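Trainee: Sequential numbering from 5 applies to the sequence shown in my numbering.
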Amino acid sequence: MNSNFVSEMMKAVFLTCFVFLGGISLLGQEYNVVDDQGRKQGEWRKFYEESTAVFYKGQFKDDIPIGRFIYYYRDGSQKGIMDYKKDGFVFNQTFYPKTGKLMAQGLYIDQKKDSVWNYYSESGRLTSTEEWDKGAKHGVEKVFFEDGELAELTTHVDGLRSGVWEQYYDNQQTKVSGSFVRDQLEGSINYYFENGAKEITGKFLNGYREGTWMYFNKDGSIRYQAVYRGGEIVKEKKENGVFEERGPDDILLSSYTYENGLKEGPYAIYHDEFEYEYEEVVDKLTGDSYFRQVLIGNELKEEGIYRNDQLHGEVKIYNEKGILIERKNYVEGELK
């Protein structure tokens, strides 16, 4: 065989291999490339620390993100999508892990939250909406019940609660109605029972209760009045209802009944000497046992009846073990 022919054949094979392999290199996708000026170019992928799991992947041009960036949880499920537009606009969507259901969506402008943001439960229900401006809450924030009805409305100005604040019952009756000024409650505030009747009325000054506050029973009668100065009670009056005094751990110490500002009806006083013991409880579902703290003692010390703010009738006295040790009889406040 001619040596020149062999030489030419080897050159042809070498050239073919070079073109074939070069084609793979040219067609293969490269990522995390910087140009000679150190700017990110083309596809970039970021990985979780000490892991091959992808955190995000997207495109850069001259160090600026462009187009769609996709973010991932460690398990590879999609975490979020950010679509980069011109002039710094970015539309964001965040997803729940595993299910991939939409969690939140909104707009970034110059890397700051802006405009309306919506948040969703894993079942797809809208749970809340927020209005943003240049990275700060600005406007109305709404929280919704499971049925889509409004649960709470808060107004923000430059990131601080300022303006109307309202909460609602699930029947859409107003629960609370008040106002904030620079993140502090200010001015008149009203609390309501679920039937729409007023429960509490009062005022705030610089975030503290101030002036006369009125507390009501469900039937509309006044339950209690208190005068505040700088958030502290300086004067109070019990009007109508049962009033309890409680000690540490919510332990009942006394109970009195009032009517039209006077003690009227049964009362009870309890010994303030008590202790705790631990008892074993078995979980019916799992069979596991655990110990819980139980109050022992706190026995009744005295009970009787008031009429027109005076003791009237029989008063019973008990010892620390709850045993009746004495009886007294009163008539219009006088011991007989």
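By construction, the Cβ of each residue, glycine as well, lies at the ideal position given by its N, Cα and C atoms.
Small disclaimer: the values here were computed from a predicted structure and weren't measured.
Find the nearest neighbour of Trp-136 within the set Val-37, Asp-287, Val-144, judged by alpha-carbon distance.
Mentor: Counting from 1 along the sequence shown, the entry for residue 136 is found at position 132. Among Val-37, Asp-287, Val-144, the Cα nearest to that of Trp-136 belongs to Val-144.
Trainee: If distances are taken between C-alpha atoms only, which option among Asn-194, Asp-292, Thr-261, Asn-175 comes closest to Glu-311?
Mentor: Within the sequence shown, numbered from 1, the residue matching residue 311 stands at position 307. First, the residue type needs correcting, since residue 311 is Arg and not Glu in the sequence shown. Of the listed residues, the one whose Cα sits closest to Arg-311 is Thr-261.
Trainee: Could you tell me the distance, in whole angstroms, from the CA atom of Lys-202 to the CA atom of Gly-265?
Mentor: For the purposes of this step, residue 202 is taken as residue 198 along the sequence shown, with counting starting at 1. For the purposes of this step, residue 265 is taken as residue 261 along the sequence shown, with counting starting at 1. If you take the alpha carbons of Lys-202 and Gly-265, they lie about 19 Å apart.
Trainee: Quick one: what's got a C-beta closer than 7 Å to Lys-325's C-beta in the same chain, skipping five residues either side?
Mentor: Walking along the sequence shown from the start, residue 325 turns up at place 321. Hits under 7 Å: Glu-303.
Trainee: Kindly indicate which three-state DSSP category Gly-251 falls into: helix, strand or coil?
Mentor: Position 247 of the sequence shown holds residue 251. Coil at Gly-251, not helix or strand.
Trainee: Between the C-alpha atoms of Asn-96 and Gly-84, what's the straight-line distance to the nearest angstrom?
Mentor: On the sequence shown, residue 96 is found 92 positions in, with the first residue counted as 1. On the sequence shown, residue 84 is found 80 positions in, with the first residue counted as 1. Cα to Cα, Asn-96 sits roughly 7 Å from Gly-84.
Trainee: What does DSSP give as the partner residues of Tyr-274 in its beta bridges?
Mentor: The residue you call residue 274 lines up with position 270 of the sequence shown. Tyr-274 pairs with Leu-304.
Trainee: State the DSSP-derived secondary structure class of Gly-291, mapped to helix, strand or coil.
Mentor: As a working note, residue 291 is residue 287 in the sequence shown. Coil at Gly-291, not helix or strand.
Trainee: Going by other Cβ atoms of all chains shown within 10 Å of its Cβ, with 16 needed for buried, is Ala-57 buried or exposed?
Mentor: As a working mapping, residue 57 is identified with position 53 in the sequence shown. That one is exposed.
Trainee: At what residue ranges does the region 185-269 contain a whole run of the beta strand (DSSP E), taking only runs of 3 or more?
Mentor: DSSP runs (the beta strand (DSSP E)) wholly in the region 185-269: 191-196, 202-209, 212-220, 226-233, 236-242, 245-250, 256-263.
Trainee: Specify, as a first and last residue, the run of the beta strand (DSSP E) that Glu-170 falls within.
Mentor: Position 166 of the sequence shown, counting from 1, holds the residue named residue 170. Unbroken beta strand (DSSP E) run through Glu-170: 164-172.
Trainee: Do Glu-47 and Lys-61 have their C-beta atoms within less than 8 Å of each other?
Mentor: The residue you call residue 47 lines up with position 43 of the sequence shown. The residue you call residue 61 lines up with position 57 of the sequence shown. Yes. Within cutoff.
Trainee: Within 10 Å of its beta-carbon, does Arg-72 have 16 or more other beta-carbons around it, so buried, or fewer, so exposed?
Mentor: Indexing the sequence shown from 1 puts residue 72 at position 68. The residue in question, Arg-72, is exposed, as its Cβ has fewer than 16 Cβ neighbours within 10 Å.
Trainee: I'd like to know whether the C-beta atoms of Gly-152 and Leu-130 end up nearer to each other than 8 Å.
Mentor: Sequence index remark: in the sequence shown, residue 152 carries index 148 (1-based). Sequence index remark: in the sequence shown, residue 130 carries index 126 (1-based). Cβ atoms of Gly-152 and Leu-130: closer than 8 Å.
Trainee: Exposed or buried, Asn-323, counting other C-beta atoms within 10 Å across all chains shown (16 or more means buried)?
Mentor: In the sequence shown, residue 323 corresponds to position 319, counting from 1. So Asn-323 ends up on the exposed side.
Trainee: Kindly indicate which three-state DSSP category Asp-87 falls into: helix, strand or coil?
Mentor: For this step, residue 87 is matched to residue 83 along the sequence shown. Asp-87: strand per DSSP, three-state reduction.
Trainee: Check whether the region 160-176 touches the region 184-202, counting contact only when three or more Cβ pairs, one atom from each stretch, lie closer than 8 Å.
Mentor: The region 160-176, when compared against the region 184-202, does touch it at the 8 Å Cβ threshold.
Trainee: Given this structure, state the Cα-to-Cα distance separating Glu-134 from Glu-54, to the nearest angstrom.
Mentor: Locating residue 134 in the sequence shown gives position 130, counting from the first residue. Locating residue 54 in the sequence shown gives position 50, counting from the first residue. In a straight line, the C-alpha of Glu-134 is about 36 Å away from that of Glu-54.
Trainee: Going by DSSP, what residues sit across from Phe-148 in a beta bridge?
Mentor: Start at 1 with the first residue of the sequence shown, and residue 148 comes out as number 144. Paired residues: Leu-154.
Trainee: To the nearest whole angstrom, what separates the beta carbons of Tyr-124 and Asp-118, a pair I think is in contact under 8 Å?
Mentor: Counted from its first residue, the sequence shown places residue 124 at position 120. Counted from its first residue, the sequence shown places residue 118 at position 114. Not a contact, Cβ separation roughly 19 Å.
Trainee: DSSP state of Gly-92, grouped into three classes?
Mentor: Residue mapping note: residue 92 aligns to position 88 of the sequence shown, counting from 1. Reduced to three states, the DSSP call for Gly-92 is helix.
Trainee: Can the beta-carbon of Tyr-195 be found closer than 8 Å to that of Val-185?
Mentor: On the sequence shown, residue 195 is found 191 positions in, with the first residue counted as 1. On the sequence shown, residue 185 is found 181 positions in, with the first residue counted as 1. No, they are not a contact pair.
Trainee: For the candidate residues Ala-230, Val-147, Glu-284, Tyr-75, whose alpha-carbon lies nearest to that of Tyr-100?
Mentor: Your numbering for residue 100 matches position 96 in the sequence shown. It is Tyr-75.
Trainee: For Asp-40, decide whether its Cβ has a neighbour in chain B, counting only Cβ atoms nearer than 8 Å.
Mentor: In the structure shown, chain B cannot be found, because there is only a single protein chain.
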